[in-house]
Amino acid sequence: MQQETIQEVVAELESTLTGHFVGRVFQLSPLSFAIDFGVRNEGYLFVSAEPAQPRLYLIKRSTRELEKQSSSPSHFLQAFQHLLKGGRLITVTRDGSERIVRLEFLVENEIGERKVIHLVCQLTGRSANLFLLDENELIRHALRPPKGEGQQTGQ
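1 is the number of the first residue of the sequence shown in the numbering used here; add one for each residue after it.
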């Protein structure tokens with residue numbers, strides 16, 4: 001994605017999705033999925049870490065169409081659903097001029113404890129990846145096997 005496009009998408013996601021809760025998540029390919037935030041008129045958040053074309057934007061599809069296109073959830077998607085089920089999106093930001101977008105969620109567990117979980121979208125071509133970070137901003141799960149310093153689980 002181009003720098004200007006990323007900035008425009010971040011602004012759109014921030015204004016459209018902030019304050020909404022994570023609903024169903026559809027695995028559309030091994031490296032892409034759609035997240036329902038309950039904003040039917042705006043669509044679903046599409047996230048892809050495909051090396052040839054990493055992307056992040058809103059798509060308009062019917063639930064039936066997404067269900068039909070869906071495949072079995074990957075380990076990453078299962079972790080996403082476990083960690084973020086019912087989480088509320090509180091911010092969407094971009095790391096400076098990098099092609100990295102952070103979605104920050106406020107999640108409350110069964111006993112009422114609140115914590116912040118991050119979904120980091122690294123939209124950097126061949127090294128594109130998605131990371132789930134815990135409240136200490138340590139990597140807990142990666143969609144693709146991480147490459148490079150600072151991208152391993154626990155870092």
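Here a beta-carbon is modelled for each residue, glycine too, at the ideal position from N, C-alpha and C.
Since the model is a prediction, treat every value here as computed from it, not as a measurement.
| Query | Result |
| --- | --- |
| Quick one: is Q155 buried, meaning 16 or more other Cβ sit within 10 Å of its Cβ, or exposed? | Below a pLDDT of 50, predicted positions are generally treated as unreliable, and Q155, at 47, falls in that range; no measurement from the model is reported. |
| In the region 72 to 132, which residue ranges form an unbroken beta strand (DSSP E) of at least 3 residues, counting only runs that do not cross its ends? | 88 to 94, 100 to 108, 114 to 122 |
| Is it buried or exposed, P54, if we count other Cβ atoms within 10 angstroms and call 16 or more buried? | buried |
| Measuring straight from C-alpha to C-alpha, what distance separates A52 and E67? | 25 Å |
| Which term fits I59, buried or exposed, when burial requires 16 or more other beta carbons within 10 angstroms of its beta carbon? | exposed |
| Pick helix, strand or coil for R64, following the three-state DSSP scheme. | helix |
| If I'm right that V107 touches I117 with Cβ under 8 Å, what's the distance once you round it to whole angstroms? | 5 Å |
| Go ahead and label E135 buried or exposed: buried means 16 or more other beta carbons lie within 10 angstroms of its beta carbon, across all protein chains shown. | exposed |
| Assign Q155 to one of three DSSP states: helix, strand, or coil. | Interpretation of Q155 is limited by its pLDDT of 47, a score under 50 that renders its predicted location unreliable; the figure taken from the coordinates is listed afterwards. In this structure, Q155 counts as coil in the three-state DSSP scheme. |
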